[in-house]
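Residue numbers (the numbering used here): 479 to 1609.
C-beta: ideal position from N, C-alpha, C; glycine also.
As the structure is a prediction and not an experimental result, all values here were calculated from the model.
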Amino acid sequence: MGFRKSNTSDSFIEIEGRRKTILYNFYNFFCIITFGILYIICKNFPRVRIVLTTKQCDLKSADKAVITNKFKKHELVDILVYKCTKSQLMSRFVFNGYVRVIDTVYARLIYDVGFEKFVVYSYKQTNFNFDEIFMNKIKISEHEEKIQLREKGILYGKNFNNLRFPSIVEIFIKNTFNFTNLIDIFCVVLWFNIEYKIYGSIVALFRLYSYAQDIILEIKVKHELETAKKNIKIRTYRNRSFCYIDSVDLLPGDLVYIEPCEDFPVDVIILKGDAITDESFLTGESVPICKSAAYRSIVYSGTAVLRSVDESKWLPNKKIESLYRVKNLTNKGDLNVKSLKNLDRNDFLNLEKSRKSNLVEDISKNTFVSKNSSCNFALGIVIAIGFNTTRGKIMKDINNPKPVYIPFLNEAHKYIFFTIIIAGISVVFFLIYFDKILKWDLIDNLVYSADLFFTLASPALYASLSVGVQISSKRLRDDKIKCNNSDRLFISGNVDMAIFDKTGTLTSEGMDFLFFDNLYSKSYNADQLDPLSRIGFSSCHSVYELDGKYSGDALDIQMFIVSESKLEMGGNGQNDSIRKIIIGKSAGISGPFLKEFGVDSDKLFYQNVTNLETSYNDVMARGFGKNIINILKTYDFTSENKRMSVIIEHQNKKYFYTKGSPDIIKLLLKKIPDDYDNRVKEHSLSGYRVIAMGYKELKNIDKEENNESELNFLGFIVFSNKLKPETYEVIEELNSANIHSIICTGDNILTAISVGRECKILDESITVIFPVLNENCKSVYDAEWVCLGDEDLVFDKVRLILYKNNFDTYCNDFVIACEGKEYDFFKDTIYHSFILEKGKVFARFSPAQKKVLVEDFRSINKNVLFCGDGANDSGAIGTADVGIALAQNEASLASSFCARNINAVPLIIKECRNAYVSSIALFKYVSMSYFLAFVCLGFPVLRCLFLSDFQTLHIDIFIIVPMMFFISNFKKNNILYKKSPKISLFSLTEFLPFFCSLFFQSLIIFILSRYGPESKQITEESKAGTIIFFTAAFQSIFNGLYFSDAVPHRESILKNKNILYISSLFMIWNSLLLFINWFNYDFTSRFLSVYLFVEISNSELLLIILGILGSSFSSFLVPYYVRKFLNRNLQ
């Protein structure tokens, strides 16, 4: 059965009803008695567990459900059953006295009896009149309220994201039944049975340490995640009074106080009062936004509430208000009958209950307050909780990312699978050989065959896949870069396209004010501004004073600094949310009144302490009231409107000021100046940020859309768009590596093109064309194409080339810039692929369009990196192959990597290339080492010969394990090379050299295993065993050195002193062992008896040396010449 959540376009799940079988209750028991085999199978194939423990049934009778998401990932979840009576709200969902609910990470689903499927019950708030809402709440009885709360609790659940953390028991079970852990335990038992007690004990200690570390780490992460779940107290109307409850218990429809906090827990619509919030979790910019009940503003979950106030003198009902006035006049509570004639008995009882619960304390001021509050906060009604909040929807997308296909891991798993098949076939051969030829008993036959199987199909093959990325992740952490998904390290080095957000990523957050251009002259400071323009600079902004600190958009603060004015909140006993501006100098004060502290983007602006003597009251007392501006209303900037506006009062006149994008303000002007467009183009092409400003005098305050017409043009506010110093170096490095850089921004297209040229994303001389849609455009051929560069060039809309001079000259060397509106227009046309091929600048793109752009590039097989700084980029960051967030917000949760600055981009690519080639090198080394170990045991055992316990320990623990570490521990190359390391394990140029080297080394071991007499019983002390040991030890060293060479994507082996030192030490150590055993066997037999060496003659020493030389030839020269031959012939 399918289910599509109504408010998301890409959230699709299937629900299948299941009932538990008897095996469900004994699942853990069967996992234990099968030694974890059942657990491993069910973990890798979830459908197996579903089939074994449940049976299919209809949804109405199911007690379990299988949830399958759009990526075909299965999850078995409980169906929760609540006892409930039928009511108007629950009539659709009650069946036989019960309601059936499924809690998932996608939504809370309720079984609809009529539709016979699970649905989402969406909350809709239609009444926004506070008095009516409050009266409805105080009229219902306590019993009715309890019923309503319980029903809402069933429908909406708790106010938290349904992220399930494993229990301590589940963590233990998971790690106990870990595949590698189980294999190691099994192998340790085997080794003790074949008298490999030293080897088995050391491996057991390693495994026990790793097991304990994994459990401790997971418990620690679980604890951190659980403590990170923010649960604060919220004042809400419950049980006929306002009281504090846990935020997890909030429900849609609750009436709550919006009190200042760092992380508001729900989405609410403001019903009374005003609030100033910081929505940096959405936008990435710490800009205070004024929210007001007048506009039904929404305070979003995750918002920081900076200030909240309700100065209105309110009571829940006019009839009750009259009663309060009478009580206040009598001072005794004696009720005036005339005042009560319109009150019914329930109103009176509700009033008395409110009085007794201290809901209303300050009757003399006729103000509704709480005994726990020193001031009135704004009130709102909850409209969304949990995953249905704005923040929850972001989190939901983050927690359900699209699976990443990693070619290397896919090929490695195939290689391991083939290795297991080869090991299985070999074991069948050994079982038959040991039984028929050597006549071994069954136990010895099984034990030695199993040991040979796990030697070839070693768990170390799986472990080697993660060693390289773990080391690179640690290096990135040391560079202050956090890796959220280690698997992305395998593909991050292969990116061929880097998409950058502009503001905050390529450019600095702040901008410098350059001048004000009114088309006749330019003003560089407040003295040069005309009076009307200075009023606009002083008041048309979203700067607020919070606890002595000015906070606001960086551009607004720059404007306010230029105006040389002073801001006060409230004043003279008026509403504390009203902003008042004191224009400087003529009012007896001087500016600027802001000074800046801090570095980078964390800038705080404080009033200059030396000038704080002058206040609103001082100015009025001195008779300078004409310099006071009252900001009556503020219409904040939105991405849809692309402007912000204010209504102000100055000298008893009211004005409407607005500023925003020049193309938007142009539509609102009464008369468009002749040079308007040319001046905008001139400033934009210079790389400047241009904001247009207009105004008009108001006769009456009307709705915003009615005020925004017939405006008078004031001028352009011009800011410099400063590039970050490191941007030049980063883009240059990416360009040199043939990684195509692209700008995707919400800013003006001309400004984006200018920034692209400045940072070298666009070549200075290259021609840029971009489409412009007119109102009458119906087909792609109706669009006009503007050419920047050579003005004589014309775009051929059919052949998609540039030409000039009547087709005499053609030009294919150009790039495309495109705005979001045009991109959507061309979406399913022949132009779409053309824009993707030639596109370098994408402007005026919304967050959703950024995500679509990334998906479109990935659909044409581009490996895309997206780098942004705001939660509005989280969709694109999460969709990209590699997402890099330059901020600590929801974008950082969606990203593959979190960093502080853009210079992390090439560093991440270089480190990931290092991790990729290191992982491949290590996997090849481990594969060859354990295949050779299998050969070293398999060939001699055919003659009843075996390497001793300590000989195996020496090669595995004292050589292979250290070499594994040092092979992985190479530093990245500081140069980003043009060719990315796209290596396939099964390509001819990779597999054939590897196979030939392995073949010749195995052949050497086979020849050496035939030396000396056979044994009738299994023995660990033999001539062949000693000769094979020394040869195999040097093979492990040589192979380690060969696979360590992975230039150019990491440092040269000659620069890595550690591996050179350790390899030299190993060769000297093994040479000394060989020399001592040959020169003084008595010493060996007394002090090195654990090795079980036998005495060797001169000829046997020569045989060992020849074996070592042959191995070095096989390790270094054979793969070199095979690869050289292939490269020459495949060209």
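Exercise. Assuming Gln1327 and Gly1298 make a contact with CB atoms under 8 angstroms, what is their CB distance in whole Å?
Worked result: Indeed they touch by this definition, with Cβ atoms about 5 angstroms apart.
Exercise. Just how far apart, CA to CA, sit Ala540 and Gln534?
Worked result: 8 angstroms
For this session: State yes or no: is the C-beta of Glu620 within less than 9 angstroms of the C-beta of Arg713?
Result: No, the pair does not count as a contact, with Cβ atoms beyond the cut-off.
Exercise. Can you list, in chain order, the residues of its chain whose CB lies under 7 angstroms from that of Leu1470, leaving out five sequence neighbours each side?
Worked result: Val1600, Leu1604
For this session: Helix, strand or coil for Val1276, going by three-state DSSP, please let me know.
Result: coil
For this session: Compute the distance between the beta-carbons of Met975 and Val1233, then report whether it is under 9 angstroms.
Result: no
For this session: Consult DSSP for Met568 and reduce its assignment to one of helix, strand or coil.
Result: coil
Problem set entry | Alpha-carbon to alpha-carbon, Val860 and Ser568 | Per the sequence shown, the amino acid found at residue 568 is Met instead of Ser. Taking the straight line joining both Cα atoms gives about 20 angstroms.
Exercise. Is Leu633 closer than 9 angstroms to Leu749 when the C-beta atoms are compared?
Worked result: no
For this session: Check Cys1289 in the structure and name its three-state DSSP category.
Result: strand
Problem set entry | the segment 581-595 / the segment 686-699 touching (three or more Cβ pairs under 8 angstroms) | no
For this session: Please work out which residues of its chain come closer than 8 angstroms, Cβ to Cβ, to Ile649, disregarding the five sequence neighbours upstream and downstream, and give them in chain order.
Result: Ile693, Glu696, Ile697, Lys700
Problem set entry | Proximity below 9 angstroms, CB of Gly1416 to CB of Phe908 | yes
For this session: Give the straight-line distance between the Cα atoms of Cys1376 and Ile872, rounded to the nearest whole angstrom.
Result: 17 angstroms
Exercise. Ends of the alpha helix (DSSP H) at Ala1004?
Worked result: Taken as a continuous stretch (DSSP letters only), Ala1004 belongs to no alpha helix (DSSP H), as it is neither H nor E.
Exercise. In whole angstroms, what separates the C-alpha of Phe523 from that of Gln1036?
Worked result: 59 angstroms
Exercise. Touch check for the segment 941-958 and the segment 1154-1172: three-plus C-beta pairs under 8 angstroms?
Worked result: no
Exercise. Counting only runs that start and end within the segment 1318-1359, where is the beta strand (DSSP E) found for 3 or more residues in a row?
Worked result: 1342-1346
Exercise. Near Lys1282, what residues of its chain come up, given a Cβ to Cβ distance below 8 angstroms and the 5 sequence neighbours on each side ignored?
Worked result: Asp1268, Asp1270, Leu1271, Val1272, Cys1289
Problem set entry | Where His1161 falls: helix, strand or coil (DSSP) | helix
For this session: Pick helix, strand or coil for Ala1295, following the three-state DSSP scheme.
Result: strand
For this session: Give the secondary structure of Asn844 by DSSP, where H, G and I count as helix, E and B as strand, and everything else as coil.
Result: Unreliable placement is indicated for Asn844, whose pLDDT of 32 sits below 50; the coordinate value is still reported in the next sentence. It is coil, neither helix nor strand.
For this session: To the nearest angstrom, report how far apart Ser1187 and Asn962 are at their CA atoms.
Result: 49 angstroms
For this session: Please state whether DSSP places Met1037 in a helix, a strand or coil.
Result: helix
For this session: Compare the C-alpha of Ile1308 against each of Leu1551, Phe968, Ile1294, Val1276 and name the closest.
Result: Val1276
Exercise. By Cβ distance below 8 angstroms, which residues in the same chain neighbour Phe436 in space, the five residues on each side in sequence not counted?
Worked result: Nothing can be reported for residue 436, as the shown portion of the chain is limited to 479 through 1609.
Exercise. Is the segment 652-663 close to the segment 741-748, with three or more CB pairs under 8 angstroms?
Worked result: They do not touch, by the three-pair rule.
Exercise. Under the DSSP definition of a beta bridge, which residues are partnered with Pro766?
Worked result: Asp756
Exercise. Applying the criterion that 16 or more other CB atoms from any shown protein chain within 10 Å of the CB defines a buried residue, is Ser1352 buried or exposed?
Worked result: By the 10 Å Cβ count, Ser1352 comes out buried.
For this session: Look at Tyr1301 and Phe1323 and say whether their C-beta atoms are less than 9 angstroms apart.
Result: yes
Exercise. From Ile1142 to Lys1159, what does the alpha carbon distance come to, in whole angstroms?
Worked result: 15 angstroms
For this session: May I ask which residues mark the beginning and end of the beta strand (DSSP E) holding Asp556?
Result: 552-556
Exercise. Hey, quick one: how far does the alpha helix (DSSP H) through Cys1390 stretch, first residue to last?
Worked result: Here the alpha helix (DSSP H) through Cys1390 covers 1382-1419.
Exercise. CB Phe855 to CB Tyr722, shorter than 9 angstroms?
Worked result: no
Problem set entry | Thr1610, DSSP secondary structure in three states | The question about residue 1610 has no answer, for the chain in this structure spans 479 to 1609.
For this session: Would you mind listing the alpha helix (DSSP H) stretches within the segment 666-748 that are 4+ residues and don't spill past its ends, in chain order?
Result: 675-706
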